[in-house]
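The structure under discussion appears below in the form of structure tokens.
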Amino acid sequence: MSTARRLGREARTAARAAGLPPELRPVWPGMEGGTYAPLSEIDAARIHQAALSVLEDIGLSDAPPSGVALLTKAGAILRDDGRLVFPRALVEDVIAGAGRRFVLHGQDARHDLEPWGRKVHFGTAGAAVNMVDAASGHYRESTVKDLYDIARTVDALEHVHFYQRSVVCRDIALPFEMDFNTCYAAVSGTAKHVGTSWGEPEFMAASLEMLHMIAGSEEKWRARPFVSQSNCFVVPPLRFAPEACRCLEVAVRAGMPVFLVSAGQAGATSPAALAGSLVQELAECLAGLVYVNALQKGAPAIMGPFCFVSDLRTGAMSGGSPEQALLSAAAAQVIHSYDLTSGVPSGMTDSKMPDIQAGYEKAYNHALVANAGANLLYESAGMVASLLGFSMEQLVIDDDIIGATQRTVRGIDVSEDALSLEAIRETCLGGPNHFLASQQTLNRMQSEYLYPSVGDRSSPKEWEEKGRPALLDRARRKVEDILRTHFPTHVPRDIDEQIRARFPVRLPARDMQPVTS
Numbered sequence: 199m200s201t202a203r204r205l206g207r208e209a210r211t212a213a214r215a216a217g218l219p220p221e222l223r224p225v226w227p228g229m230e231g232g233t234y235a236p237l238s239e240i241d242a243a244r245i246h247q248a249a250l251s252v253l254e255d256i257g258l259s260d261a262p263p264s265g266v267a268l269l270t271k272a273g274a275i276l277r278d279d280g281r282l283v284f285p286r287a288l289v290e291d292v293i294a295g296a297g298r299r300f301v302l303h304g305q306d307a308r309h310d311l312e313p314w315g316r317k318v319h320f321g322t323a324g325a326a327v328n329m330v331d332a333a334s335g336h337y338r339e340s341t342v343k344d345l346y347d348i349a350r351t352v353d354a355l356e357h358v359h360f361y362q363r364s365v366v367c368r369d370i371a372l373p374f375e376m377d378f379n380t381c382y383a384a385v386s387g388t389a390k391h392v393g394t395s396w397g398e399p400e401f402m403a404a405s406l407e408m409l410h411m412i413a414g415s416e417e418k419w420r421a422r423p424f425v426s427q428s429n430c431f432v433v434p435p436l437r438f439a440p441e442a443c444r445c446l447e448v449a450v451r452a453g454m455p456v457f458l459v460s461a462g463q464a465g466a467t468s469p470a471a472l473a474g475s476l477v478q479e480l481a482e483c484l485a486g487l488v489y490v491n492a493l494q495k496g497a498p499a500i501m502g503p504f505c506f507v508s509d510l511r512t513g514a515m516s517g518g519s520p521e522q523a524l525l526s527a528a529a530a531q532v533i534h535s536y537d538l539t540s541g542v543p544s545g546m547t548d549s550k551m552p553d554i555q556a557g558y559e560k561a562y563n564h565a566l567v568a569n570a571g572a573n574l575l576y577e578s579a580g581m582v583a584s585l586l587g588f589s590m591e592q593l594v595i596d597d598d599i600i601g602a603t604q605r606t607v608r609g610i611d612v613s614e615d616a617l618s619l620e621a622i623r624e625t626c627l628g629g630p631n632h633f634l635a636s637q638q639t640l641n642r643m644q645s646e647y648l649y650p651s652v653g654d655r656s657s658p659k660e661w662e663e664k665g666r667p668a669l670l671d672r673a674r675r676k677v678e679d680i681l682r683t684h685f686p687t688h689v690p691r692d693i694d695e696q697i698r699a700r701f702p703v704r705l706p707a708r709d710m711q712p713v714t715s
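Letter by letter, the sequence shown follows residues 199 to 715 of this note's numbering.
Here it is as structure tokens:
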């Protein structure tokens, strides 16, 4: 390779690494999916009608007294057996009047998301209790520093669009302090939209006060709420979770978007038949939607049927299975028919490490679920062992997988310029008979083609010359580079000091600053 050609190639590589302006990027948050539909329109309608039958004939038990009062006032019926049932007309009316086209705000408006229609966005999630050391293969308990480090890594990644709490702070014993520090570390680590949860409604007061401080006031927070509450308001099958319901009430009244998660596991806590599992999870989420709108009509709520899958040979969860991909894609399709925001899981490999199994399970899940037009793909980056572990190396590998998936969502441009008649004419009639140096090639090499960050496309000779680097080696170096250099400062230092003076922050300030020699 000539020196000029090599330097030109290196310059183009450096330019891509520095980040492209929005108008030149081959992929971006919120591209529209929907070209894949696992259900026919008739079958999607049958699932909807079956969910309405479940709500009308079977209903849900164990609602807290406040929920019973709200839901019966809204039109639900409390039967003698203690179950709340929901007339069809009530549910249909709630769907028609529910909140639509709400923005999920970031602390930085550049990261605002528009999760409606078939616009697709990827983010983390989960409550892993272990971090995975990809070098040794060992698992260790996750900490609040891990949670912060994951957040600031997500902040630096192009294709992970929001940060849902992904690990449990196992080094904090008190539940209140764990919930507060989880929220603190997440919003300090990234300016992207954050999702987290609280175990008790009383725990939320301190976090809300902190969020108001960061926003500038309660009024400013309500105008741009940059945290959503992940709420498992049901215990499948068909039972309300009273404490989570009370947290739901606090969040809605505080102006916080709510992610309504129903996490049944097919063959265990929901039917083994895939359609039946989807029917139950959809019914549970619709009950949650009635609950939210009984509190405040039109309040922002994300429909979250997490139709998890069991390996029926053992009963263990199988997050990387093809059945998981089908269920998440089908759930997104049905929720899209309501014109509501969908949030479904994708990318929960069963592999315990970043390896070949992790790659193929994540890839086919993302390809199906994103191309079905799911609005928010949770669990999409970093998770291993069916949500029991989190890997930093897998996180940056997943950023590549997600980027590639987004490119399939974007599809093929068939504009006049893309049809290339003029470029073909110029090249073949008196031209060089190749397109390597054509203006169209130069124009489109960035805007139409996506290049991996840690994936390798070098020739075997180049790969040998570089020392035969493995994917995990490249991923590890990228993680190390981010953690050494990327310390977000979107929360002003004086505000952080006020928060530390007011609340029990367990993340040392020294862990949020570059190491100085």
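Here a beta-carbon is modelled for each residue, glycine too, at the ideal position from N, C-alpha and C.
Is residue i near the ligand FAD, judged by its Cβ being under 7 Å from some heavy atom?
i, result
"Arg338", "The ligand FAD is absent from the structure shown, which contains no ligands of any kind."
Please classify residue i as buried or exposed, where buried requires at least 16 neighbouring CB atoms within 10 angstroms.
i, result
"Tyr361", "buried"
"Val385", "buried"
"Asp692", "exposed"
"Thr683", "exposed"
"Tyr647", "exposed"
"Thr233", "exposed"
"Glu375", "buried"
"Ala556", "buried"
"Ala202", "Confidence at Ala202 is low in this model, with a pLDDT of 49, below 50, so its placement is unreliable and no value can be given for it."
"Leu566", "buried"
"Trp419", "buried"
"Lys664", "exposed"
"Ala174", "For residue 174 there is no data in the structure shown, the boundaries of the chain being 199 and 715."
"Ile348", "buried"
"Asp475", "Note that residue 475 is Ser in the sequence shown, not Asp. That one is buried."
"Pro173", "Residue 173 is absent from the structure shown; the chain starts at 199 and stops at 715."
Who are the near neighbours of residue i in its chain, counting only those whose CB is closer than 7 Å to its CB and skipping five residues on each side?
i, result
"Val433", "Ala439"
"Ala404", "Phe378, Phe701"
"Val607", "Met229, Gly231, Val318, Ala568, Asn569"
"His309", "Ala389, Lys390, His391"
"Leu472", "Ala464, Glu521, Leu524, Leu525"
"Val713", "none"
Might you give, ordered along the chain, the residues of its own chain that have their beta carbon closer than 6 Å to the beta carbon of residue i, omitting 5 neighbours on each side?
i, result
"Leu396", "At residue 396 the sequence reads Trp, which differs from the Leu that was named. Cβ within range, chain order: Asp377, Met402, Cys445."
"Glu482", "Val432, Ser460"
"Ala261", "Leu282, Phe438"
"Phe300", "Pro498"
"Ala413", "Trp419"
"Glu416", "His410"
Could you have a look at residue i and say whether DSSP puts it in helix, strand or coil?
i, result
"Pro399", "helix"
"His336", "coil"
"Asp679", "helix"
"Ser544", "coil"
"Met515", "strand"
"His632", "coil"
"Leu205", "Unreliable placement is indicated for Leu205, whose pLDDT of 48 sits below 50; the coordinate value is still reported in the next sentence. Here Leu205 sits in helix by DSSP."
"Pro706", "coil"
"Arg437", "strand"
"Ala699", "helix"
"His534", "helix"
"Ser656", "coil"
"Phe374", "helix"
"His319", "strand"
"Ser475", "helix"
For residue i, which residues from the same chain have a beta carbon less than 8 Å from its beta carbon, with the 5 sequence-adjacent residues on both sides left out?
i, result
"His632", "Thr625"
"Pro399", "Glu441, Arg444, Cys445, Glu447, Val448"
Would you grab the beta carbon distance between residue i and residue j for me? Rounded to a whole angstrom, and I think it's under 8 Å.
i, j, result
"Arg298", "Leu538", "7 Å"
"Ala323", "Glu577", "5 Å"
"Val594", "Leu302", "Going by Cβ atoms, the distance from Val594 to Leu302 rounds to 23 Å, so no, they are not a contact pair."
"Ser535", "Ala333", "No, Ser535 and Ala333 are not in contact; Cβ-Cβ is about 46 Å, not under 8 Å."
- [ ] Specify whether the region 456-475 and the region 495-502 touch according to this definition: at least 3 beta carbon pairs, one from each stretch, less than 8 Å apart.
- [x] yes
Open item on the list: Count Cβ pairs between the region 480-496 and the region 268-285 that sit closer than 8 Å; are there 3 or more?
Closed with: yes
Open item on the list: Would you call the region 307-318 in contact with the region 571-582, where contact means no fewer than 3 C-beta pairs closer than 8 Å?
Closed with: yes
Open item on the list: Is it the case that the region 288-295 contacts the region 447-455, given that we only count it when at least three CB pairs across the two stretches are under 8 Å?
Closed with: These segments do not touch.
Open item on the list: With three or more C-beta pairs closer than 8 Å as the rule, is the region 665-682 touching the region 580-594?
Closed with: yes
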